[in-house]
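A short write-up of the structure that comes next.
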Amino acid sequence: MARILLAEDDPSVRGFVARALEMDGHAVLATEDGGLAAEAMLEHEGAFDLLLSDIKMPVMDGIALALRVADQFPDVTILLMTGFADQRERAHGLDALVHDVVPKPFTLADIRAKVKEALDGREASTITLAQQLGA
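Going by full-length UniProt numbering, 82 is the number at position 82 of the sequence shown; the sequence numbering is gapless.
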């Protein structure tokens, strides 16, 4: 299966996502912020299939992390997560670098499906902000 680098500052979300992906057979290295994730990416010389990162985190946010990883390791697929609409909008300018942005909260099935989609290289299904908010 895939090697996934997870960057998420909320310990409960980090644990939930890591366990969900490990259930699918993926090897997950979980870090608590973007700075540690950037260090792990360098330490492992980009040997990850997917970077799954929250956008809003201390030290280095997910946008800065995505830019750094895309520059240094362009073959790594990037999938971002956020619970903040304004952060999701910031990520839309990175369409060429980021596979998709997963809105929080999400279910176990949601995150597993989005990761599978990203790893399979399928085009992300676009959901507008209005659709996310139920309008």
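Even glycine gets a Cβ: it sits at the ideal position worked out from N, Cα and C.
Asked: Do R112 and A20 have their beta-carbon atoms positioned less than 9 Å apart in this structure?; Found: yes
Asked: Below 9 Å between beta carbons: does that hold for V76 and D49?; Found: yes
Asked: Under 8 Å by Cβ, that's how I've got L65 and A37 pegged, so tell me the actual separation to the nearest angstrom.; Found: 6 Å
Asked: Using CA atoms only, rank isn't needed, just tell me which of D33, E45, P11, L79 is closest to F73.; Found: E45
Asked: Rounded to the nearest angstrom, what separates G25 and K104 at their Cα positions?; Found: 23 Å
Asked: State the Cα-Cα distance for the pair A2 and P11, rounded to the nearest angstrom.; Found: 22 Å
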